[in-house]
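J.:
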Amino acid sequence: MALILNEEQKMLKDSAADFLKERSPIESLRRLRDTKDKQGYDTQVWQEMIEMGWTGLNIAEQYGGLGFGYVGLGQILEEIGRTLACSPLISSVVLGGALVNLIGTEAQKSILLSEIANGNMIVTAALDETNQHNPLVVNTMASKTEHGFVINGQKKFVLDGHIANQIIVSARTDSGIQLFVIPSDSEGLSVNQRILMDHRNASDISFENVSVPSSALLGKQEDAAEMIPKALDVARICLSAEMLGSMQEAFERTIAYLKERQQFGVPIGIFQGLQHRAAHMYCEIELCKGLVMKALQAIDMDSPDLAKLASTAKAKCGEVLQLVTNEAIQMFGGIGMTDDEEIGFFLKRARVAQQTFGDYNYHYDRYARLSGF
Amino acid sequence: MQSATVKVDLDMFREETRAWLEENCPPSQRTTPPRGLEDCYAGGRKPYFHSEEQKIWFERMRDKGWTAPTWPKAYGGGGLTPQQAKVLKEEMKNLNCRVPLWSFGLMMLGPAILHYGTEEQKQKYIREIVNGEVWWCQGYSEPGSGSDLASLQTSAEDKGDHFLVNGQKVWTSYADRSDMIFCLVRTDKDAPKHKGISFLLIDMELEGVSVRPIKLISGKSPFCETFFENVKVPKENLVGTLNEGWSIAKNLLTHERTSIGIVTEEQPLHEYAIEKLGLVDGKLNDPYNRMQIAKWSMDRDALSSSIAKTIDEAKSGTQPGAKSSFFKYYSSELNKRRYELAMSVGGTDALEWGEDYMDGKLARDMCRTKANSIEGGTSEIQLNIISKRILGLPSK
């Protein structure tokens, strides 16, 4: 498949860019932060995203979505990365949606996917238990009872856990690691909301003798350990698309500043010491563009290279977003350190995105394993 | 979108091509990827074939014009459409066929003559290049003009019926084996430096031309110094307009940079690492090199996606422009990193100053890679081009 967008995808990207600039610029994020907004995103904007169909792009038509595909969704996420718009798109639509779609039974897909697509339900995943991403370290236990299971354990870094209606939790059973869909108001389930440096939310969730019926088990597979990484790969690629948007925006703002800021009577962009670093960043960003496009296509084509591409995209975008946001602050100089200047928001978002679904070190290791070394 | 008939025609062309290659490409010309002149035929007035089968293979391809598949038939080329040429390339790759002729004429001079040459020049030089009759070398750099190429001093004085050439070129690859050289020469000393340069073709057999090979830190090299002392060059050997050679040179350098862009590996780096370090529980027995190799491999994969994306964009009409500088810069740095990693993996084994791949040859090759970010415009020059032409940053 050619690594270019078709007309429909281009139009979607352009309209998303216009909408986000108008309705969710960085001032909105600043306002959410300053008002200590409990929810962490703008309900009205989220509602408009739902109405535009953004929550159903990756979900098949038979389950109430639009079946538009991940290359299309990736364009929206890239634009979201430019304005740092907060929403449960990655946590619920992408990761929640992918887990249900890959593992759920027909009946579960019919209910959950359509509820995710129409925005009635926020479904997030509780997979990690350690401070470093490692979804296959599972000490949470699900013990079989007469009518279902009892779940005990602790989960960390559950994206948007504080506002989720349903939580998909991984737990160890007699037959391996399995997933359970649990209403967030279940007895024995407690959510500890943590506000992160990018002013978004991830929760620690503890399960203390949480009883669930047998129907809470997601899918029929005896062991979901194979499919969890695949759903995560979808989320990694989508988050990479968002990071690609953020790095481009941070870079373009930096280049504009280099042309405008005067020192020694000239624009500082005239200095080769800055020019070469800017040109190097340009190259690194170009690499990310090709990679993210290829990885998004790999989801749509169900490519056998999905895992390797997901790790490559997430590692590379993590590296480059870190580089670009660090250099941005340095090149903006003192003004870049002030809260009034928006460039700092990109640095803070970069650090959270880096740790989400595995940082570059995690993915170097995974790429090596997948390549047989 | 391709129309159905075009697709059917292409499928037929593919079948015919495959059958023809299977019948005509001798077995010895279907082994291991060739490494430039060590394995390939380079043509010239004093042809040298490594084997009889190499000669047969070259002659059969030449007769079809497939040494230059897309060049016009009128000048001896293959006359293939870009789609057909792509099919030919794919089928040659499937059968492991070597390129029948490897020359600077094909890679660099030919495209320039086709673009800027007169009808007479095309008839003469393009035909000679396709037929492998002349070995060309390139005369750009001078001892005092490296990155600042436009400051070159080799002069060509108008003497009525000829140019009188005096000066010195450096890094002229294979000049000691070449028949002709395409040169940048100064034809107007008073004009601003970019405006007084012309593009001139010079016969290496003319009186006053002499050549001295240069030995590199890798122990050997194809590079030479070439000297011109009162060399009389016919006027008709000027390509393009007088004093406008700089635009031809820029055009040619873009070709050169694009062809440098791709990192080729005889053996994937991680396989060499497995060989040298071994695996423990499926992991390389050296956690530091393992991480570095993973990171390097990701960059290699990312570069190849990025090149593929640019090619797809070019097909849909977006010009790559100064992007060739990005590919040149990144692939040079990537290749240097690759060899440093291989040296680290090889440890003391890699220090041997020998001939064979990979132990022994590795040390030489590593030394050679240091030139990647110097030749064809240094990495710093590429970054300057990106800063100015792509990012629009101001210049002094």
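Those sequence lines, one after another, are chains A and B.
For the first sequence, our numbering assigns the number -7 to the initial residue and increments by one for each residue that follows.
For the second sequence, our numbering assigns the number 8 to the initial residue and increments by one for each residue that follows.
Quick reminder that beta carbons are idealized off the backbone N, C-alpha and C, glycines included.
The model shown is predicted, which means the values in this text are computed figures rather than measured ones.
Taking the alpha-carbon of A/S195 as reference, which of A/R15, A/R22 and A/G32 has the nearest alpha-carbon?
T.: Mapped onto the first sequence, residue 195 of chain A falls at position 203. Considering only alpha carbons, the answer is A/G32.
J.: Would B/I209 be called buried (16 or more neighbouring beta carbons within 10 Å of its own) or exposed?
T.: The residue you call residue 209 of chain B lines up with position 202 of the second sequence. Buried, since its Cβ has 16 or more Cβ neighbours within 10 Å.
J.: Chain B partners of A/T246, CB-CB under 9 Å?
T.: Reading the first sequence from its first residue, position 254 is the one you call residue 246 of chain A. Neighbours of A/T246 on chain B: none; closest Cβ ~10 Å, over 9 Å.
J.: Using a Cβ-Cβ cutoff of 9 Å, what residues of the region 302 to 321 of chain B are near chain A? List them in chain order.
T.: Going along the region 302 to 321 of chain B in chain order, one finds K302, S304, M305, D306, D308, A309, L310, S311, S312, S313, I314, A315, K316, T317, I318, D319 and E320 with a Cβ nearer than 9 Å to chain A.
J.: Indicate the three-state DSSP secondary structure (helix, strand or coil) for A/H355 in the structure shown.
T.: As a working note, residue 355 of chain A is residue 363 in the first sequence. Note: A/H355 maps to helix in three-state DSSP.
J.: If contact means a Cβ-Cβ distance below 7 Å, which residues of the region 282 to 307 of chain A contact chain B?
T.: Those would be G282, L283, M285, K286, T304 and A307, in chain order.
J.: Might you give, ordered along the chain, the residues of its own chain that have their beta carbon closer than 6 Å to the beta carbon of A/D190, omitting 5 neighbours on each side?
T.: In the first sequence, the residue the question calls residue 190 of chain A occupies position 198. Answer for A/D190: K340, R341 and V344, listed in chain order.
J.: Find the residues of chain B that neighbour A/R361, judging by a C-beta separation of less than 8 Å, and give them in chain order.
T.: Translated into the one-based positions of the first sequence, residue 361 of chain A becomes position 369. What A/R361 touches in chain B: G289 and K290.
J.: Give me the chain A residues within the contact set of B/R371, using Cβ-Cβ distance strictly less than 7 Å, ordered along the chain.
T.: For the purposes of this step, residue 371 of chain B is taken as residue 364 along the second sequence, with counting starting at 1. Here the premise fails: no neighbours, minimum Cβ distance about 26 Å.
J.: Do you know how far the Cα of A/R358 is from the Cα of B/K302?
T.: If you number the second sequence from 1, residue 302 of chain B lands on position 295. If you number the first sequence from 1, residue 358 of chain A lands on position 366. Approximately 11 Å, taken between the alpha carbons.
J.: Please list, in chain order, all residues of the same chain as B/G354 whose beta carbon is under 8 Å from its beta carbon, the five residues on each side excluded.
T.: Taking the first residue of the second sequence as 1, we reach residue 354 of chain B at position 347. Cβ within range, chain order: K283.
J.: Which residues of the region 334 to 363 of chain A have a Cβ closer than 9 Å to any Cβ of chain B? Give them in chain order.
T.: Those residues of the region 334 to 363 of chain A that come within reach of chain B (Cβ to Cβ, closer than 9 Å) are Y352, N353, H355, Y356, D357, R358, Y359, A360, R361 and S363.
J.: Which whole-angstrom value describes the C-beta separation of B/E232 and B/Q175, a residue pair presumed to lie in contact below a C-beta threshold of 8 Å?
T.: Translated into the one-based positions of the second sequence, residue 232 of chain B becomes position 225. Translated into the one-based positions of the second sequence, residue 175 of chain B becomes position 168. Right, their Cβ atoms sit about 7 Å apart.
J.: Under the DSSP definition of a beta bridge, which residues are partnered with A/I160?
T.: Residue mapping note: residue 160 of chain A aligns to position 168 of the first sequence, counting from 1. A/A117 and A/V173.
J.: Just mark B/S154 as buried or exposed, buried being the case when its beta carbon has 16 or more other beta carbons within 10 Å.
T.: If you number the second sequence from 1, residue 154 of chain B lands on position 147. Counting Cβ neighbours within 10 Å, B/S154 comes out exposed, since fewer than 16 surround it.
J.: Near A/M219, which residues of its chain fall below 6 Å by C-beta distance, leaving aside the five closest residues on each side in sequence?
T.: In the first sequence, residue 219 of chain A corresponds to position 227, counting from 1. Within the same chain, A/M219 has close Cβ partners L94 and I95.
J.: Here's a check: name, in chain order, each residue in its chain whose Cβ is nearer than 6 Å to the Cβ of A/S178, leaving out the five neighbours to either side.
T.: The count along the first sequence starts at 1 and reaches residue 178 of chain A at position 186. Closer than 6 Å at Cβ, skipping near neighbours: V202.
J.: Taking the C-alpha atoms as reference points, what is the distance between B/Q130 and B/G83?
T.: Counted from its first residue, the second sequence places residue 130 of chain B at position 123. Counted from its first residue, the second sequence places residue 83 of chain B at position 76. Going from the Cα of B/Q130 to the Cα of B/G83 covers about 9 Å.
J.: Taking DSSP as the reference, what is the three-state secondary structure of B/N292?
T.: Along the second sequence, read from residue 1 onward, the residue named residue 292 of chain B stands at position 285. Coil at B/N292, not helix or strand.
J.: Indicate the three-state DSSP secondary structure (helix, strand or coil) for A/V85 in the structure shown.
T.: On the first sequence, residue 85 of chain A is found 93 positions in, with the first residue counted as 1. In this structure, A/V85 counts as helix in the three-state DSSP scheme.
J.: Using a Cβ-Cβ distance cut-off of 8 Å, determine whether B/K14 contacts chain A.
T.: Within the second sequence, residue 14 of chain B is the residue found at index 7, counting from 1. No, B/K14 lies away from the interface with chain A (no Cβ there is under 8 Å from its Cβ).
J.: Identify the residues that DSSP records as bridge partners of B/Q175: which are they?
T.: Translated into positions along the second sequence, residue 175 of chain B becomes position 168. B/Q175 is bridged to B/F234.
J.: Can you tell me whether B/T194 is helix, strand or coil according to DSSP?
T.: The residue labelled residue 194 of chain B in the question sits at position 187 within the second sequence. In the structure shown, B/T194 sits in coil (DSSP, three-state: anything other than H, G, I, E or B).
J.: For the alpha helix (DSSP H) containing A/K13, name the first residue and the last one.
T.: On the first sequence, position 21 is the one that residue 13 of chain A refers to. Segment E(-1) to R15, the alpha helix (DSSP H) holding A/K13.
J.: Rounded to the nearest angstrom, how far is the Cβ of A/K212 from that of A/D166, given a contact under 8 Å?
T.: Residue 212 of chain A sits at position 220 when you count from the first residue of the first sequence. Residue 166 of chain A sits at position 174 when you count from the first residue of the first sequence. That pair is no contact at about 15 Å.
J.: Using 10 angstroms around the beta-carbon of B/L358, count the other beta-carbons present and answer buried if the total reaches 16, otherwise exposed.
T.: Within the second sequence, residue 358 of chain B is the residue found at index 351, counting from 1. So B/L358 ends up on the exposed side.
J.: Relative to the C-alpha of A/Q347, which candidate in A/G111, A/H268, A/E107 and A/K148 has its C-alpha closest?
T.: Residue mapping note: residue 347 of chain A aligns to position 355 of the first sequence, counting from 1. The residue with the shortest Cα to Cα distance from A/Q347 is A/K148.
J.: Secondary structure at B/I1, three-state DSSP: helix, strand or coil?
T.: Absent from the structure is residue 1 of chain B, since the part of chain B shown begins at 8 and ends at 403.
J.: Tell me which same chain residues have a C-beta within less than 7 Å of the C-beta of A/I114, skipping the five on either side of it?
T.: As a first step, residue 114 of chain A must be located in the first sequence, where it is residue number 122. Contacts found: P80, S84, D152, I155, A156 and N157.
J.: For B/Q61, tell me which candidate among B/G383, B/I204 and B/V106 has the shortest Cα-Cα distance.
T.: Your numbering for residue 61 of chain B matches position 54 in the second sequence. Cα-wise, what sits closest to B/Q61 is B/V106.
J.: What is the DSSP secondary structure of B/T24, counted as helix, strand or coil?
T.: Within the second sequence, the letter at position 17 stands for residue 24 of chain B. If DSSP states are grouped into helix, strand and coil, B/T24 belongs with the helices.
J.: Where DSSP assigns a beta bridge to A/N193, which residues make up the other side?
T.: Reading the first sequence from its first residue, position 201 is the one you call residue 193 of chain A. For A/N193, which the question treats as bridged, DSSP gives the partners A/I187.
J.: Which same chain residues end up closer than 6 Å to B/Q91 when comparing Cβ atoms and leaving out the 5 residues on each side of it in sequence?
T.: As a first step, residue 91 of chain B is located in the second sequence; it is residue number 84 there, counting from the start. Answer for B/Q91: F20, listed in chain order.
J.: Taking the beta strand (DSSP E) that A/L151 belongs to, which residues open and close that run?
T.: Residue 151 of chain A sits at position 159 when you count from the first residue of the first sequence. It spans G140 to L151 - the beta strand (DSSP E) in which A/L151 sits, taken as one unbroken run.
J.: Going by DSSP, name the residue or residues bridged to B/L286.
T.: As a working note, residue 286 of chain B is residue 279 in the second sequence. In DSSP, B/L286 forms a bridge with B/L291.
J.: The region 220 to 252 of chain B: which residues have C-beta closer than 7 Å to a C-beta of chain A, in chain order?
T.: Those residues of the region 220 to 252 of chain B that come within reach of chain A (Cβ to Cβ, closer than 7 Å) do not exist; the list is empty.
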